[in-house]
Structure formats: C-alpha cells, structure tokens
Amino acid sequence: MRENLAKAFALTDTQLFRRAPLPKSYTDVLGRKLFLFLLTLQGLVAFALITLGVILRKSRVARNVIRPRIRQEIARAGVALLPMFLFVALALGFLVIGQTVSALARVGATGYLGSTMVIVVVRELGPLLAAMLVLARIGTAHVIELGTARALGEVEALEALGIDPVHYLIVPRVIGMAVGVFALTVYLIIVALASGYLFAFLQDAPLTPGDYFKQIAEALNWLDFVLLALKTIAFGFFIASVTCYHGLAQPLRLEDVSRVAVRAVTQGVIVCVLIDALFILLYLVT
Amino acid sequence: MSETENTAVIEMRAVSIGAMRDISFVVLEDVNWLVAPGEFWTVAGQQFSGKSDFLMLAAGLMAPVKGECRLFGVDTRTFDEAKLAERLHVGLVFAGGQLFNQLTIRENVALPLQYHHDLAPAAAAQAVATLLELLELTPLADITPPNVSDNWRQRAALARALILKPKVLLLDNPLAGLGTRHLHWWLQFLDQLSHGHNWCDGRPMTVVATTDDLRPWRNAKRKFALLGDKKFFPLGSWNEIESTNDPVVKELLAVPLETTI
C-alpha cells in the first residue's frame, strides 16, 4: 500500500532540479526542462500503471464500500455536468456545424457534410472538448481534495486501518472520470450534430434531415465507435491519474494549492493532446 | 499459557527509526523493546522526541532504518497485503484523531468494518451503534468531525480503532488537550481495555500510549519508558519514575527543576 505510492513518487523527486540554481547556458536550461519532463512522465506512467493494477487486482475487494464511491464519482464527473454539456453542445453545433454547412452549401459540396462532421465532431472536437471540460471542472477539485486529505493525514489514517489509499481514494475517481468522459462525449456529439442541423436549417441550407443523418451514418464505420470509446476512456483515465497524482504526491500547504492545480491542469492538457495524437496515428493506420 | 500466547506482541531489536516525513532523518537509535501480551505501556517524551514515528513503526506502518522490528513474531519489513490479518490486530489512534472530514462519525467508525468484511452500511450498523453507545458518541453519530469538539473527535478516533477489536491498541498522545471529565473517562476506559473489556470479549488488550505529560498516567501497574536524546529508556514502574532524578522525567512530571540564576 504505502510502497505503491512511495514507488511512484520516488520516481519523480523533481525537487532537486526545481530548487537548484538556474543554469547559465540555454542548453543547460533546456536539458533541465527535458529531465523534469521525463521524470514527471515516468512518475505519471508508474502511478497510472499502479492504479490500473489495483483496479484489476482488487475488483472483488470491499465492493460494498468502493461501488457506492464509484457511483458517487460517476454522478460528479458525469451526471452533474450534463446541463453544462448541453449548453456547450448547442454552442458547438452552432459554431462548427452551422458554419460548415453554410460554407459547403455555398460551393455546392453539401455531399461531403457527413464525413466532415464525423471527422471534426465525432473523431476530434467532441472527445477533446469533453475531456478538457471535465479536466477543468473535476480535475482541479481532485487536486485540492486529495492535497488536503494528504495534509490532514488521512492517507496515513487509511494505511493504519489497513485500507489501500489507491483503492479507496484513487480507483473510484479514475473509474468515475473514465465513465464520465465517455458518457458526456456521447451526449455532446449527439446534441451537437442535432443542433448543428437546426442551425443549418435556419440558414436555409439545401439539405433535408434525412439526407444529413444519412450522410453521417454513411461516414461512420464500426471503428469510429470502438476508437471513440477507447479514446474517451483513455482521456478520463489519464486525466484522473494526473490530477490524483499531483494531489497525493506531496502534502499541500495552502499557498501550494493554486500552483499544483495549475501544473496538474497543464499536464492534463498535454496528456490529452498526446493521447489524441496517438489516436490520429491509429486512424491513419487503419 | 501456551507458547504462542507468550510471544512478544511487539519486539524491537537494535532498531533505528527514521522520521515519517523523511525516512533518512533518524529520530531514535538502538531501540530495544519487548511488549508482552496484556501489558500497558506509557512512553513519555517531549515534543519532537519521535513519539509518533515510534508508534508508526510499532504499528508496522513503516520499516526500521536499521535493526529488526517484529509484530506478533512477524518481521514488519515483510508486511504486505498477504499479512494484512496481522496488521489488523493493531489499532492506532493518531494524535488529533485524523478522522475523515467528509464522512460522519458513524461512517468513520463503520469504514474499517465495512471495508475489511465487505459489508453494506446496514449490515455493519448494529456493531457500530453498540460501540458508539459504549463510547457515548451516539448523539454525535451523524455529525462530521469538524463540527464536534476535539474531546469528542479523539473519542471517535478511539471508536474507529476499536471497531475491528484489535489485540494491540497504540495511542499517540491521547490525553493531549482533553477536559478533566474526558481525561478521567479515557484513563478509566483504557484500564478497562487493558484488563479485558466486554467489547473485546473480556480479552486483555495490550495498550501502548505516548505522552508529553506523565502526571495523569500515575499507576503502579503500568510500565513506563522515556524517549529522549534519540534514545529509548525503559523506566519500569511508577515507583521508579518517582525516584529518578532524570531532568527530562522531572520536566514531564512538571516538577520544578533546581536552576541557578
């Protein structure tokens, strides 16, 4: 238990680099930044793997305690964000789809609408936007909650009670966020596509609803559904891992909270972009 | 008594103890200590003498920097999840309680029972209610810890440590900051646990408490030890404490020291 956390955090003892005086040459500064990046990446990957290991190994341990906590986290990272997502989906439909439909209609290329929508909204913008919003709303809360729990000695208290802190504190948050990002992305895409047509209709685009949804259905293939599920679950899993990692990595003082939250969000964004790049490669290969 | 029952519950041999926050900083060296089943130890020390780290090691929550620490005959270095059962025989009450602030007192107390026996809240309710009643916590059961006084928070932490009916109870400065009524209740209740309380089916419990004030612990039946200058000194019974001239012990007894101005 304690070893689990210690292993991950020992890998990212970046304080040595952060406290050292600034090097004089630009190449040394670059080298230090690179070292910090690699150390952090190593720690994050170790933490994510440990969390994954605990999810698999302890799936049958204390279900009566962990399942309600998972439900609570799904409600927080999913259901509670629905109203905000409906608003964002309407805006997305208006901004992207409304604009695209009218632009394609002007050049008489409405036949490409379905595939354009699938590429822009289903494959790229929908999942990424959902992940960013969940990161901003719930990820920061994770950092603050876990940092406070660490500062108040709750992690030591869990260990004294024989309860694995990763199992009790991290697993519900990671599963909750993975399910939350997946579900919210689906809602976001459906509402954005529907509202997009509404805006196109208001602009008198020469397109019937039947043609519009037929084009989308033809542009989609089974791989889109599989990769969408994998991508959103990966977004949720890694965002939660990054934010939980920063929350638990060190006991936070009040003055540290804003700095660590900003760092966690920045790294969360970078991780999402890296995952997105990986999936673009997958799309290109397949 | 069988041989197993005679085995020391806590055994430290030539142990060096690192600080919990920074294991490389050694707070105690060359500690040799044996705790037999049913003993009641009071370990005294001034602030920052390493009392909390000493208890964390005794509870098997960290490994010694040097030497060997055994809990129920098992080396704590090898403590992992496979040996969780042994670990659960030890209850630890932190200084200040360290309860989970987002849970009510009832949920705090129920958590270890629900987690280790995979029980739904309803299934654990009876045992939790009995313990809360015993510790006079029933009226506060549905309140979160930040909304109760330190006295009751400390008692809730005791309830959480007792819910699994441990064989060994470790308490980190449990009497610090308590009101007189609570202080008497604690001393009486710990004595009852040590002699065998109904909650633990009449089985005498091994109790180790740390303190920075020896005065409330006056009792010839207890064993005393002192932490100071990075050393562990077993002092024996209360009679020996009273006869010692050690300035640290005198300070912990609040006896005025002879000073030259």
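So the sequence lines, in the order shown, correspond to chains A and B.
-2 is the number of the first residue of the first sequence in the working numbering; add one for each residue after it.
7 is the number of the first residue of the second sequence in the working numbering; add one for each residue after it.
C-beta atoms are modelled at their ideal positions from N, C-alpha and C, and glycine is treated no differently.
Taken in chain order, the whole beta strand (DSSP E) runs of length 3 or more contained in the segment 83 to 150 of chain B are 96 to 99. Among the residues of chain A, those whose CB is under 9 Å from the CB of asparagine 107 (chain B) are Thr145, Ala146, Leu149, Glu151, following chain order. Taking the beta carbon of aspartate 124 (chain B) as reference, the chain A residues within 8 Å of it are Val58, Ala59, Arg60, Asn61, Val62, listed in sequence order.
If you draw a straight line from the Cα of tyrosine 109 (chain A) to the Cα of threonine 97 (chain A), it comes to about 10 Å. Taking the Cα of arginine 60 (chain A) as reference, the smallest distance to any Cα among B:Tyr121, B:Val96, B:Leu141 is reached at B:Tyr121.
Rounded to whole angstroms, the separation of the alpha carbons of phenylalanine 239 (chain B) and aspartate 252 (chain B) is 11 Å. The Cβ atoms of glycine 73 (chain B) and serine 22 (chain B) sit closer than 8 Å to each other. Chain-order list of chain A residues neighbouring phenylalanine 54 (chain B): empty, with the shortest C-beta distance near 17 Å, by a criterion of under 9 Å. Less than 8 Å separates the beta-carbon of leucine 34 (chain B) from that of phenylalanine 60 (chain B). In terms of beta-carbon proximity, glycine 159 (chain A) lines the interface with chain B, with at least one pair separated by less than 8 Å. Beyond the five residues adjoining it in sequence on each side, glutamine 264 (chain A) comes within less than 6 Å, by CB distance, of Val239 in the same chain, given in chain order. For glutamate 156 (chain A), the C-beta contacts it makes with chain B under 7 Å involve Leu67, in order along the chain. Between the segment 167 to 182 of chain A and the segment 50 to 67 of chain A, the count of C-beta pairs closer than 8 Å reaches three or more; the two stretches touch. Taken through DSSP and simplified to helix, strand or coil, aspartate 81 (chain B) comes out as strand. Looking at the DSSP output, arginine 19 (chain B) sits in a beta bridge with B:Glu74. Here glycine 56 (chain B) carries a coil assignment [DSSP, helix/strand/coil]. Per DSSP, the unbroken beta strand (DSSP E) holding tryptophan 39 (chain B) starts and ends at 32 to 41. Counting along the chain, leucine 53 (chain A) sits inside no beta strand (DSSP E); it lies in the alpha helix (DSSP H) bounded by residues 23 to 54. By the Cβ test, the segment 154 to 174 of chain B is not in contact with the segment 193 to 208 of chain A, since fewer than three Cβ pairs between them sit closer than 8 Å. Contact between the segment 143 to 155 of chain A and the segment 36 to 56 of chain A is absent: fewer than three C-beta pairs spanning the two stretches fall below 8 Å.
Counted as a single uninterrupted DSSP element, the stretch harbouring tryptophan 223 (chain B) is not any beta strand (DSSP E), since DSSP gives it neither H nor E.
Sequence-distant partners of arginine 83 (chain B) (beyond 5 residues in either direction) whose C-beta falls short of 6 Å from its own C-beta, in its chain, are Ala69.
Per DSSP, the continuous alpha helix (DSSP H) segment holding valine 176 (chain A) begins and ends at 168 to 199. The beta carbon of proline 118 (chain B) falls within 8 Å of a beta carbon belonging to chain A, placing the residue at that interface.
Between valine 80 (chain B) and lysine 89 (chain B), the C-beta spacing is below 8 Å.
The C-beta separation of leucine 132 (chain A) from isoleucine 236 (chain A) comes to about 5 Å, placing the pair in contact by the 8 Å criterion.
Note on geometry: alpha-carbon atoms of asparagine 38 (chain B) and alanine 180 (chain A) lie some 58 Å from one another. Any Cβ of chain A closer than 8 Å to the Cβ of leucine 90 (chain B) would place that residue at the interface, and such an atom is present.
The distance from the Cβ of glycine 123 (chain A) to that of alanine 74 (chain A) is about 17 Å, inconsistent with a contact at the 8 Å cut-off. Sixteen is the threshold: when 16 or more other Cβ atoms of the shown chains lie within 10 Å of the Cβ of histidine 203 (chain B), as they do, the residue is buried. Cβ neighbours of serine 112 (chain A) within its own chain (closer than 6 Å, five residues either side excluded): Ala216. If you draw a straight line from the Cα of glutamate 248 (chain B) to the Cα of lysine 236 (chain B), it comes to about 22 Å.
Using a C-beta cut-off of 8 Å, the segment 270 to 282 of chain A makes no contact with the segment 253 to 260 of chain A, since fewer than three inter-stretch Cβ pairs fall below that distance.
Rounded to the nearest whole angstrom, the C-alpha separation of leucine 158 (chain A) and valine 115 (chain A) is 50 Å. DSSP places alanine 128 (chain A) in the helix class (H, G or I) of the three-state scheme.
Where tryptophan 219 (chain A) is concerned, the enclosing alpha helix (DSSP H) starts and stops at 219 to 246.
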